[in-house]
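In order, the protein sequences belong to chains A and B. Using our numbering, the first residue of the first sequence is number 2, and each one after it goes up by one. Using our numbering, the first residue of the second sequence is number -17, and each one after it goes up by one. Glycine is no exception: its CB is placed at the ideal position from the N, C-alpha and C atoms. Data block below; observations after.
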Amino acid sequence: MLAEKEIQLLIIEDNLGDVILLEEYLYEALGKLVIGKAESFAAAQKILSEPHRFDAIFLDLSLPDHSGKELVTDVVQLAGLVPVIVLTGYSNKEFGIKTLELGVSDYLAKDDLDSAQLSKSLMYSIERKRIEKKFLESNERFEIVAKATSDTIWDWDIKNKTVLCNQGIIRVFGYTEADYKQTEYWWRSKIHPDDFRKVISALSNSFVKGESLMQLEYRFMCADGSYKYVLDRAYLVLGFDKKPIRMIGAMQDITRKKSEEQQLRLFESVITNTSDAVVIFEAHPHSNQLPTLFYINKAFSLMTGYSLTDVIGVTELFFHGPLTASEEVAAMQAAMLNGKSCTIEIIHYNKNGDPFWVNISVSPVLDRKGVLTHWISIQKDVTDRRKYLQAIEEQNEKLKDIAWTQSHLVRAPLARIMGLSSMLSDLIIDEEADVPFSKQELVTLINNSSEELDKIIRDIVQKTENI
Amino acid sequence: MNFSIIIIDDDPTIMVLHKSFVQKRLGIVPLVFGNGQLGLDYFLGPESTADHYLILLDINMPVLDGWGFLDAIQHHQVKAKIQVIMVTSSIDVVDKEKAMTYPQVIDYLEKPLRIAACDKIKVLPTLVQFFAQQ
Chain A
2 MLAEKEIQLL
12 IIEDNLGDVI
22 LLEEYLYEAL
32 GKLVIGKAES
42 FAAAQKILSE
52 PHRFDAIFLD
62 LSLPDHSGKE
72 LVTDVVQLAG
82 LVPVIVLTGY
92 SNKEFGIKTL
102 ELGVSDYLAK
112 DDLDSAQLSK
122 SLMYSIERKR
132 IEKKFLESNE
142 RFEIVAKATS
152 DTIWDWDIKN
162 KTVLCNQGII
172 RVFGYTEADY
182 KQTEYWWRSK
192 IHPDDFRKVI
202 SALSNSFVKG
212 ESLMQLEYRF
222 MCADGSYKYV
232 LDRAYLVLGF
242 DKKPIRMIGA
252 MQDITRKKSE
262 EQQLRLFESV
272 ITNTSDAVVI
282 FEAHPHSNQL
292 PTLFYINKAF
302 SLMTGYSLTD
312 VIGVTELFFH
322 GPLTASEEVA
332 AMQAAMLNGK
342 SCTIEIIHYN
352 KNGDPFWVNI
362 SVSPVLDRKG
372 VLTHWISIQK
382 DVTDRRKYLQ
392 AIEEQNEKLK
402 DIAWTQSHLV
412 RAPLARIMGL
422 SSMLSDLIID
432 EEADVPFSKQ
442 ELVTLINNSS
452 EELDKIIRDI
462 VQKTENI
Chain B
-17 MNFSIIIIDD
-7 DPTIMVLHKS
3 FVQKRLGIVP
13 LVFGNGQLGL
23 DYFLGPESTA
33 DHYLILLDIN
43 MPVLDGWGFL
53 DAIQHHQVKA
63 KIQVIMVTSS
73 IDVVDKEKAM
83 TYPQVIDYLE
93 KPLRIAACDK
103 IKVLPTLVQF
113 FAQQ
């Protein structure tokens, strides 16, 4: 694999003879090579400070301008992720070993050099660095994720009884490192008493069965004594003997989700159990399609006889019939077209085809972005009230009729009697008074009018009795 | 400038009473018609030659009632200048309000006519000129 691509090397060595020797071995071992050379630390520093992509660096331990431990430290730092292979003279082989602690990948005695050994060291060093780099990257990625996530990531070493956590335990629950380091007993003590059995039995179940993945919802106590709902997802690591040795998990704070769920359940129970009929229609704001039914509650089924499967997907029009007032329907549709709520009373038809009066209040439901998604229709059977109202209206008509009779029919003969009697009194006062009737005529006319009045009043009494 | 008074009422007794009152208190012998249709026929015919008319109009009458008569004179372009006083047994406010919506209606009196009411008619601003000469 190494031979397939050109390998770039840097040789930091002041002894030209050693450089030539090294180059020769290298060419022999690897063939394709690009070699950079630095005869001093200053030169190496210059080369390494520029952009480069060396696969490995060979470093002589004594340079004219720098040497020893400090030289190694500085070069290793400059090299970054590039492996550094130290070349030692026979005299300081001991020191060569020590350089490994300073981050050097390998050390080679100049006197023992041969191409096979060189090639092997070079390949191992490069490969090891590559793995190290990968590991560092993945570790870094983990660190970033652990910091970025709002979850509490924990690592429980079962055998050694220690626990490690990320910042989540501090941020979300308010604990300090000293708190959680008290092992798993600490964690157990923070589980809500009502959830304790559930959690512990699930955990031991997982241990016994050797299931690697588990997921649990429970309440976990915060530093201030309050509880948060958490979703804890864990991965169990088993040892050679299939016994659990370690468990890693992520604890997600789902308190808000839980309280929303509880609230939703509460609202749902209101809708389900209310004595008013509730219908939810799905709006189709991007088309001309009328809202289509997608939920009905029990009260609606009781009122209409329809089950959800009977009516799912239908529009409001489904419940209309010949007696449904089209003006009322048009008024409702106009309001709905403008996204406004409205209340109307119209005739609907139940599953048996019988008409009934229903009071309907429709209200729009908007999503977070303000887009109309649903209509909630609250419906009440008002047939009884309507009938009652109708009865009152009919009665009212009758009373009006009587009042009209009173004012028109009763007053006609009465007015006549008043006129005639006033004329009669004129005649009584003055026998010669100029009146168009004789006394006798006046009396007869007054009698006739009285009879007429009597008949009218009897009619009214009869009408009143019939109300 | 000639001026006539017309009574339109279906009640014969009232008719006699009112005719007598008008004659006595207003000094003019009125023409009488038994219902709105007879009154309308008069106005649409050749005999209605006076320039000004005062009509004492009843509401409830057979054939054509007071409302029908009022509607008809709006509809037919009657040449003569007509002023109407409703004289009715109805004490219904609705009737009174309705009557006052017709441009010809100048007053609303309840039956039976009385001396005081007749004297009031004489001094109504739009009528006073016709009685002043007497």
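Check                                                                                                                                                                         : Outcome
Reducing DSSP to helix, strand and coil, say where arginine 369/A ends up.                                                                                                    : coil
Name, in chain order, the residues that DSSP records as bridge partners for glycine 250/A.                                                                                    : Trp155/A, Ala235/A
Between isoleucine 12/A and leucine 22/A, which are expected to be in contact by the criterion C-beta below 8 Å, what is the C-beta distance as a whole number of angstroms?  : Not really, about 11 Å apart at Cβ, beyond 8 Å.
How about the region 77 to 97 of chain A and the region 125 to 142 of chain A: do they share at least three Cβ pairs that are nearer than 8 Å?                                : yes
Reducing DSSP to helix, strand and coil, say where serine 362/A ends up.                                                                                                      : strand
Nearest-angstrom Cα distance between leucine 27/A and serine 120/A?                                                                                                           : 7 Å
For the beta strand (DSSP E) holding methionine 82/B, just list the boundary residues, first then last.                                                                       : Here methionine 82/B belongs to no beta strand (DSSP E), and DSSP marks it neither H nor E.
Buried or exposed for glutamine 253/A, going by 16 or more other Cβ atoms inside 10 Å?                                                                                        : buried
Can you pull the chain B residues whose beta carbon is under 8 Å from the beta carbon of valine 444/A, in chain order?                                                        : Residues of chain B passing the Cβ test: none, with the nearest at roughly 13 Å.
Our contact map puts tryptophan 157/A next to valine 164/A with C-beta atoms below 8 Å; I'd like the distance itself, whole angstroms only.                                   : 5 Å
Looking at C-alpha atoms only, which residue of Met248/A, Asn353/A, Leu291/A is the closest neighbour of tyrosine 236/A?                                                      : Met248/A
Using beta carbons (cut-off 8 Å, strictly below), is aspartate 47/B in contact with chain A?                                                                                  : no
Anything in chain A within Cβ reach of valine -2/B, meaning under 8 Å, just list it in chain order.                                                                           : Pro437, Phe438
Do tryptophan 376/A and proline 365/A come within 8 Å of each other at the CB atom, strictly closer than that value?                                                          : yes
Counting only beta-carbon separations shorter than 8 Å, does arginine 459/A have a partner in chain B?                                                                        : no
Mind checking if serine 408/A is an interface residue toward chain B, Cβ cutoff 8 Å exclusive?                                                                                : yes
Quick check on the DSSP output: the alpha helix (DSSP H) that includes glycine 420/A runs from which residue to which?                                                        : 412 to 430
Just to confirm before moving on: does the CB-CB distance between leucine 88/A and lysine 111/A stay below 8 Å?                                                               : yes
What residues from chain A crowd round aspartate 30/B, counting only those whose CB sits closer than 7 Å?                                                                     : Here residue 30/B is serine; the residue named in the question, aspartate, does not match the sequence. By Cβ distance, chain A contributes nothing, its closest Cβ being about 26 Å from serine 30/B, past 7 Å.
Just the C-alpha distance for tyrosine 186/A and glutamine 216/A, rounded to the nearest angstrom, thanks.                                                                    : 19 Å
Find the nearest neighbour of lysine 388/A within the set Ser378/A, Pro356/A, Pro65/A, judged by alpha-carbon distance.                                                       : Pro356/A
Starting from glycine 21/B, trace the beta strand (DSSP E) in both directions and tell me its first and last residue.                                                         : Looking at the DSSP string, glycine 21/B is not in any beta strand (DSSP E); the run it does join, the alpha helix (DSSP H), is 18 to 26.
DSSP three-state label for proline 356/A, please.                                                                                                                             : strand
What residues are listed by DSSP as bridge partners for glutamine 9/A?                                                                                                        : Val35/A
Closer than 8 Å, Cβ to any Cβ of chain A: which residues of the region 90 to 115 of chain B, in chain order?                                                                  : Glu92, Lys93, Pro94, Leu95, Arg96
For the region -11 to -3 of chain B and the region 78 to 85 of chain B, state whether three or more C-beta atom pairs, one from each stretch, are separated by less than 8 Å. : no
Mark valine 35/A as exposed unless 16 or more other C-beta atoms lie within 10 angstroms of its C-beta, in which case mark it buried.                                         : exposed
Whose CA, out of Gln380/A, Asp152/A, Glu138/A, lies closest to the CA of leucine 232/A?                                                                                       : Asp152/A
For methionine 215/A, which beta-bridge partners are listed by DSSP?                                                                                                          : Ala235/A
Rank Met337/A, Thr374/A, Asp115/A, Leu446/A by C-alpha distance to the C-alpha of glutamate 25/A and give the top, closest one.                                               : Asp115/A
Take glycine 340/A as the anchor and find which of Ala416/A, Ser426/A, Ala284/A, Ala149/A has the nearest alpha-carbon.                                                       : Ala284/A
Have a look at Tyr228/A, Ile192/A, Glu95/A, Asp15/A and flag the residue whose alpha-carbon is nearest the alpha-carbon of alanine 39/A.                                      : Asp15/A
Work out the CA separation of valine -2/B and serine -14/B for me, nearest whole Å.                                                                                           : 17 Å
Assuming threonine 316/A and leucine 291/A make a contact with CB atoms under 8 Å, what is their CB distance in whole Å?                                                      : 4 Å
How is aspartate 113/A classed by DSSP in three states: helix, strand or coil?                                                                                                : helix
Do we get a CB-CB distance below 8 Å when we pair aspartate -9/B with the residues of chain A?                                                                                : no
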